[in-house]
Amino acid sequence: MKTKSDAEHAHVQNIHRTKKAPEDLWFPDYPAHLHIDLLPDIQGRGYGTVLINTVFNTLREKKCPGVHLNVDFANAAALEFYRKKDFIILKENSWGLTLGKMM
Ligand SMILES: CC(C)(COP(=O)(O)OP(=O)(O)OC[C@H]1O[C@@H](n2cnc3c(N)ncnc32)[C@H](O)[C@@H]1OP(=O)(O)O)[C@@H](O)C(=O)NCCC(=O)NCCS
5 MKTKSDAEHA
15 HVQNIHRTKK
25 APEDLWFPDY
35 PAHLHIDLLP
45 DIQGRGYGTV
55 LINTVFNTLR
65 EKKCPGVHLN
75 VDFANAAALE
85 FYRKKDFIIL
95 KENSWGLTLG
105 KMM
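Shown next, in the form of structure tokens:
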């Protein structure tokens with residue numbers, strides 16, 4: 005299943021190509037940027053939770069104040085996953101939401 009729209013894909017490519025986030029997607033309290041991409045066969049078995057808890061623990065150790073990420077509106081599963089992990093909406097974009105969580 006395609007979980008990224010062309011607009012979100014272009015946005016992610018832009019982040020990877022440049023050294024600084026675009027001004028409209030730079031959140032000083034949430035400087036870390038996160039992706040999780042589990043293959044379909046291993047989704048829904050708790051691995052996403054293990055991975056994200058590992059990231060949270062590392063960010064806290066490094067004294068990083070917060071993390072942000074982007075989710076396409078079409079990706080209902082990921083939106084629900086991050087809601088359960090207490091992410092809040094930082095920005096509503098044309099293609100989806102930028103979510104954030106303080107550490
Ligand atoms: C989204 C993703 C990271 C979630 O990881 P996961 O291992 O599948 O999720 P978990 O098994 O750890 O579930 C954690 C919680 O999220 C909820 N959740 C996970 N998948 C869900 C789904 N498809 N629908 C509704 N809730 C879901 C679970 O119910 C669970 O809730 P609980 O703690 O109350 O039991 C993973 O499925 C994934 O990588 N998907 C494909 C790529 C993707 O969409 N990445 C995110 C892009 S921003």
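Residue numbers (the working numbering): 5 to 107. Each residue gets a CB set at the ideal place from its N, CA and C atoms; glycine is no exception.
Who pairs with residue i in a beta bridge, going by DSSP?
{"i": "V71", "result": "A36 and K105"}
{"i": "E96", "result": "L101"}
Using three-state DSSP, classify residue i as helix, strand or coil.
{"i": "D76", "result": "strand"}
{"i": "P26", "result": "coil"}
On the criterion of 16 or more Cβ atoms from any shown chain inside 10 Å, does residue i qualify as buried, or is it exposed?
{"i": "G48", "result": "exposed"}
{"i": "Y51", "result": "exposed"}
{"i": "E12", "result": "buried"}
{"i": "H15", "result": "buried"}
{"i": "H72", "result": "buried"}
{"i": "L103", "result": "buried"}
Can you find a heavy atom of ligand 1 that lies under 7 angstroms from the Cβ of residue i?
{"i": "E65", "result": "no"}
Would you say the stretch 51-63 touches the stretch 17-30, given that touching needs at least three Cβ pairs under 8 angstroms? no
Stretch-stretch touch, CB-based, cutoff 8 angstroms, three pairs: the stretch 75-84 with the stretch 93-103: yes
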